[in-house]
Amino acid sequence: MTSTTATAPPPPLMRLSSDNWKLAILVGLVVSVIAGAVLPAAASFWVIGAMAAMVAAAFVVNAYRRKYYGGLLVAPAIAVLFVMNIFPLLWSLGLSFFAYQSNQQSIRFVGLANYIKVLTNDIAAPANWAALVNTAMFVILTVTAQMVVGFLLAMLFAKQFPLRKYLLILVLTPMMLSVVASGVFFTYYYDPTFGILSYVVNAITGGQFILMSSKVGAVTGIVFADAWMWSPFVMLLVLAGLVSVPKYLYEAAAIDRVSKWRQFWTITFPYIRGLLMLALLFRTIEAFKLADLVILLTKGGNDTMTISYHLIRIANEQNKTSEGAAISYLMLFMVIVLTNLYLYIANRRSQGA
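Numbering (full-length UniProt numbering), first residue to last: 1 to 353.
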């Protein structure tokens, strides 16, 4: 009589199989970290790319064997998303831990040195913090202007009046233009020699008017240009909420002789509150990346340098690629914190309601 001893199967994570995506991710991460720290940049690029392809193949095989055909259908879109967005994001994150300049071939691992330099360096830190303060100022001013103007436009176009459709198309036109086109337009608009604004002010005061000659004027010009472009976006979101309010609610309120102000707070505002918060979130994130209008109108002069424009100058003009990557991820961290703070406040209000 013979007895056989059954061997225990390996744990799921360590099971060697073409569909074991968990093991593929673990191996891919370990090999990618080692390759990034040890191998040259050209070699580590291909090694990390091979690891990403291995993980993707494991996901595809797993989905096929388990008959997750829906996942297979969206796999090409996910692959494009990874190649165009996720991989460059992860690559730049790894680059922020190295000392690398785009005009040089040498690269070496420095850990958190780039982040420490950005936050504490006697030369770099003051410029970074000044640009960050200017960015916060632009976020507050531009978003406030866009929310107010967009809300007032939405209240106006929610009513029917002659030529409403044509005026609505005219108001939406700035949002359809490219930022470069709008910036060039306002460059001529603010021009002290033949600009429309300067011509009108000169006709009234009799003296030359240069809007961009001071920080207040430069900030006002940038805020006005940005609000002119993106207030229609806020208007569209609010207008979508206004047209969805049932008419019978206003009719019942009119029968009860409820004031217009109370109708707004009890009927209109609950329908547009969520859309207003959504517009606030979108425009805050976009305003945090403000750089194009600053480049076109002031080139950072008169203390209008934003953190995004400062990042462009460091990474592209000064070729400090790794330092620019560190600044960009600090910006990403701040945007994530602001977004989560917004979601927390929105959830608290919805629970309270």
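Note that CB positions come from ideal geometry on N, CA and C, so glycine has one too.
The structure presented is a predicted model; accordingly, all values stated were derived computationally and were not measured.
What is the DSSP secondary structure of residue i, reduced to helix, strand or coil?
i: residue 68; result: coil
i: residue 190; result: coil
i: residue 257; result: coil
i: residue 109; result: strand
i: residue 291; result: coil
i: residue 98; result: strand
i: residue 85; result: helix
i: residue 121; result: coil
i: residue 226; result: helix
Cα-Cα, which of the options is closest to residue i?
i: residue 309; options: 134, 177, 85; result: 134
i: residue 159; options: 87, 206, 242; result: 242
i: residue 268; options: 335, 194, 341, 154; result: 154
i: residue 338; options: 320, 136, 209; result: 136
i: residue 176; options: 167, 233, 17; result: 233
Is residue i near the ligand SAM, judged by its Cβ being under 8 Å from some heavy atom?
i: residue 61; result: Looking for the ligand SAM in the displayed structure turns up nothing, as the structure carries no ligands at all.
Does the distance from the C-beta atom of residue i to that of residue j stay below 9 Å?
i: residue 106; j: residue 315; result: no
i: residue 212; j: residue 302; result: yes
i: residue 35; j: residue 43; result: yes
i: residue 125; j: residue 113; result: no
i: residue 287; j: residue 173; result: no
i: residue 222; j: residue 138; result: yes
Whole angstroms is fine: what's the gap from residue i's alpha carbon to residue j's?
i: residue 179; j: residue 246; result: 37 Å
i: residue 204; j: residue 198; result: 10 Å
i: residue 290; j: residue 37; result: 34 Å
i: residue 59; j: residue 66; result: 11 Å
i: residue 28; j: residue 326; result: 24 Å
i: residue 88; j: residue 81; result: 10 Å
i: residue 215; j: residue 304; result: 7 Å
i: residue 244; j: residue 260; result: 18 Å
i: residue 265; j: residue 209; result: 43 Å
i: residue 191; j: residue 200; result: 12 Å
Are the region 226-242 and the region 147-155 in contact at 8 Å, needing three or more beta carbon pairs?
-> yes
Is the region 179-192 in contact with the region 291-306, if contact means three or more CB pairs nearer than 8 Å?
-> yes
Could you tell me whether the region 326-339 touches the region 117-134, where touching means 3 or more Cβ pairs closer than 8 Å?
-> yes
Counting pairs of Cβ atoms below 8 Å between the region 115-123 and the region 45-59, do you hit three or more?
-> No, because fewer than three Cβ pairs between the region 115-123 and the region 45-59 fall closer than 8 Å, the two stretches do not touch.
Please determine if the region 275-290 and the region 230-246 are in contact, where contact requires at least 3 C-beta pairs separated by less than 8 Å.
-> yes
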